[in-house]
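S.K.: For the sequence shown, the working numbering assigns the number 2 to the initial residue and increments by one for each residue that follows.
Every residue gets a Cβ at the ideal spot worked out from N, C-alpha and C, and that includes glycine.
All of these numbers come straight from a predicted model, not from anything done at the bench.
This is the structure I have questions about; it appears just below.
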Amino acid sequence: MPLPRVLRPRDHELALGLTALAFIPPLQTLGGEFGDLPTRPADALAVVLVLGQTAPLAFRTRWPALCLAVSGISFAAYASFGYPQTLAAAGLYLALYGVGAHQQRHRVLVAVVATAGYLAMSVVLHELGSPDRFPDHFAFYLALAACWLLGAYVRRRRADEAERQRLAEAAAAVNERARIARELHDVVTHHVTAMVVQADAAQFLPEKDPALTAISGSGRLALKELRHLLDVLEATGSPGTVRDLVEQTRAGGQPVELIEDGDRVPLPAGSELAAYRVVQEALTNAVKYAAGNPTTVLIGYSPDRLDVEVATEGSRTHPEAQGGGRGLAGLRDRVAKVGGELDAVEDNGRFVVRARIPTGGTP
Numbered sequence: 002m003p004l005p006r007v008l009r010p011r012d013h014e015l016a017l018g019l020t021a022l023a024f025i026p027p028l029q030t031l032g033g034e035f036g037d038l039p040t041r042p043a044d045a046l047a048v049v050l051v052l053g054q055t056a057p058l059a060f061r062t063r064w065p066a067l068c069l070a071v072s073g074i075s076f077a078a079y080a081s082f083g084y085p086q087t088l089a090a091a092g093l094y095l096a097l098y099g100v101g102a103h104q105q106r107h108r109v110l111v112a113v114v115a116t117a118g119y120l121a122m123s124v125v126l127h128e129l130g131s132p133d134r135f136p137d138h139f140a141f142y143l144a145l146a147a148c149w150l151l152g153a154y155v156r157r158r159r160a161d162e163a164e165r166q167r168l169a170e171a172a173a174a175v176n177e178r179a180r181i182a183r184e185l186h187d188v189v190t191h192h193v194t195a196m197v198v199q200a201d202a203a204q205f206l207p208e209k210d211p212a213l214t215a216i217s218g219s220g221r222l223a224l225k226e227l228r229h230l231l232d233v234l235e236a237t238g239s240p241g242t243v244r245d246l247v248e249q250t251r252a253g254g255q256p257v258e259l260i261e262d263g264d265r266v267p268l269p270a271g272s273e274l275a276a277y278r279v280v281q282e283a284l285t286n287a288v289k290y291a292a293g294n295p296t297t298v299l300i301g302y303s304p305d306r307l308d309v310e311v312a313t314e315g316s317r318t319h320p321e322a323q324g325g326g327r328g329l330a331g332l333r334d335r336v337a338k339v340g341g342e343l344d345a346v347e348d349n350g351r352f353v354v355r356a357r358i359p360t361g362g363t364p
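Structure (structure tokens):
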């Protein structure tokens, strides 16, 4: 479980704290010692090298590789000069942990360079007369590697937790959309259906009003539109959404053929929804103006765009733009918002709706 934010020391606070502790004499023996060279008195250079081991911790999260480079070089120089051990050596351990936990790119390259630097430091210490042998150097290397691996483990845990959180939020969103769809179906459909039934029944009265026929037709159209909206609301955005829409229209008695050309490519959410709306509106118009006539839906995939074409045989008239932004005029605006184009024309006895929608890829 990650620590609460109030309990996590910020990087600059960690750097200041370790720097202060490094200059407290009773804590000197707690520092790491490597090389075991003859001790020389601390001087101004020693102070600079101590700061070089601790101060970089102030940016260990933002620039972990740079922090490790400065801290590691300062540690190697401090050990090579034979200065007395200090708690500042902990800066190297924390820098290694920071690289494991926060380095986003070139992690393998950083590991290779760090290992090469350690080997170079070992050779220098050996040439300066260090009594340490290979087992000592290898054991210290394993200790340093453990700091790195601990940071990498924490990084993986955080990434897994973030992914679980993302999936949980996505599942919650899907469930909420399904709940809203059910409520819309239960409430709105009930009342609209009741309106249609009452209008149909009223037509058999001795003094029937012609407007009742219009009310009944409008109610049925509203129910059809509502079902389409519920289908979109419950859809998960998968590539099969348009196929489902075609199947639903076909089940309603309209002969529809779906043709897909090319390899499917990932689509931005806005582009995918625009394509869905184009097919939805075109099929709705086909049912309304050319019920029973064959309709073909062609989806063409290419790296840089998605071509959508819906052609209906024998359309008797142009489908006019409907209110609420759900007609062809509204479709043009929707497609234009994602950088695409839409045309609706008559072609050899067919009414054809064509849309070209960018996918964000490279042609």
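For Thr-360, does the three-state DSSP call read helix, strand or coil?
M.R.: Here Thr-360 sits in coil by DSSP.
S.K.: Report, in whole angstroms, the separation of the C-beta atoms of Leu-19 and Leu-88, which I expect to be a contact under 8 Å.
M.R.: That pair is a contact at about 7 Å.
S.K.: Given that a residue counts as buried once 16 or more other Cβ atoms are within 10 Å of its Cβ, and exposed if not, what is Arg-134?
M.R.: Burial call: exposed.
S.K.: Taking only the alpha-carbon atoms, compute the straight-line gap between Asp-137 and Ala-171 and give it to the nearest angstrom.
M.R.: Approximately 51 Å, taken between the alpha carbons.
S.K.: Indicate whether the contact test is met: 3 or more Cβ pairs, each with one atom in the stretch 69–80 and one in the stretch 88–105, closer than 8 Å.
M.R.: Enough Cβ pairs lie closer than 8 Å, so yes.
S.K.: To which residues of the same chain is Ile-260 closer than 6 Å at the C-beta, ignoring the five residues directly before and after it?
M.R.: The residues are Leu-299.
S.K.: State the DSSP-derived secondary structure class of Thr-285, mapped to helix, strand or coil.
M.R.: Helix.
S.K.: In angstroms, rounded to a whole number, what distance separates the CA positions of Val-257 and Ala-174?
M.R.: Roughly 32 Å separates the two Cα atoms.
S.K.: From the DSSP output, which residues share a beta bridge with Arg-355?
M.R.: Beta-bridge pairing links Arg-355 to Glu-310, Asp-344.
S.K.: Can you give the Cα-Cα distance for Val-109 and Val-280, rounded to whole angstroms?
M.R.: Looking at the two C-alpha atoms, the distance is approximately 48 Å.
S.K.: What did DSSP end up calling Thr-296 once you bin it into helix, strand or coil?
M.R.: DSSP places Thr-296 in strand when its eight states are reduced to three.
S.K.: The beta strand (DSSP E) spanning Leu-259 covers which residue range?
M.R.: Where Leu-259 is concerned, the enclosing beta strand (DSSP E) stretches over 257–262.
S.K.: Does the Cβ of Phe-139 have 16 or more other Cβ atoms within 10 Å, making it buried, or fewer, making it exposed?
M.R.: Burial call: exposed.
S.K.: How is Gly-118 classed by DSSP in three states: helix, strand or coil?
M.R.: Gly-118: helix per DSSP, three-state reduction.
S.K.: How is the alpha helix (DSSP H) around Thr-55 delimited, first residue to last?
M.R.: Run containing Thr-55: 45–55, per the alpha helix (DSSP H) assignment.
S.K.: Reducing DSSP to helix, strand and coil, say where Gly-130 ends up.
M.R.: DSSP places Gly-130 in coil when its eight states are reduced to three.
S.K.: How big is the Cα-Cα spacing for Leu-150 and Val-111?
M.R.: Each residue's alpha carbon lies about 13 Å from the other.
S.K.: Just to confirm before moving on: does the CB-CB distance between Tyr-277 and Thr-250 stay below 8 Å?
M.R.: Cβ distance not < 8 Å, so Tyr-277 and Thr-250 don't count as in contact.
S.K.: In this structure, how does DSSP classify Gly-254 when only helix, strand and coil are distinguished?
M.R.: Gly-254 falls in the coil class under three-state DSSP.
S.K.: Go through its chain and collect everything with a Cβ distance to Leu-69's Cβ below 6 Å, but skip five positions before and after it.
M.R.: So the list reads Ala-96, Val-100, once near-sequence residues are dropped.
S.K.: Starting from the C-beta of Ala-23, find all residues in its chain whose C-beta is less than 7 Å away, skip the five residues before and the five after it, and write them out in chain order.
M.R.: Result list for Ala-23: Val-51, Thr-55, Thr-87, Leu-88, Ala-89, in chain order.
S.K.: Where DSSP assigns a beta bridge to Tyr-302, which residues make up the other side?
M.R.: Leu-307.
S.K.: Whole angstroms is fine: what's the gap from Ala-275's alpha carbon to Arg-156's?
M.R.: Answer to the nearest angstrom: the Cα atoms are 38 Å apart.
S.K.: Starting from Pro-335 and walking both ways along the alpha helix (DSSP H), at which residues does that stretch end?
M.R.: Pro is not the amino acid found at residue 335; the sequence shown has Arg there. Counting along the chain, the alpha helix (DSSP H) containing Arg-335 begins and ends at 329–338.
S.K.: Reducing DSSP to helix, strand and coil, say where Gly-99 ends up.
M.R.: If DSSP states are grouped into helix, strand and coil, Gly-99 belongs with the helices.
S.K.: Between the C-alpha atoms of Glu-248 and Glu-162, what's the straight-line distance to the nearest angstrom?
M.R.: Glu-248 and Glu-162: Cα-Cα distance of roughly 39 Å.
S.K.: Which of helix, strand or coil does DSSP assign to Phe-24?
M.R.: Coil, per DSSP.
S.K.: Would you mind sorting Val-124 into buried or exposed? The rule is 16 or more other CB atoms within 10 Å of its CB.
M.R.: Exposed, because fewer than 16 other Cβ atoms sit within 10 Å of the Cβ of Val-124.
S.K.: Is it buried or exposed for Pro-57, if we count other Cβ within 10 angstroms and need 16 for buried?
M.R.: That one is buried.
S.K.: Specify, as a first and last residue, the run of the alpha helix (DSSP H) that Leu-38 falls within.
M.R.: Neither: Leu-38 is in no alpha helix (DSSP H) and is coded neither H nor E.
S.K.: Tell me which same chain residues have a C-beta within less than 7 Å of the C-beta of Gly-263, skipping the five on either side of it?
M.R.: Gly-301, Tyr-302, Ser-303.
S.K.: What is the DSSP secondary structure of Tyr-290, counted as helix, strand or coil?
M.R.: Three-state result, Tyr-290: helix.
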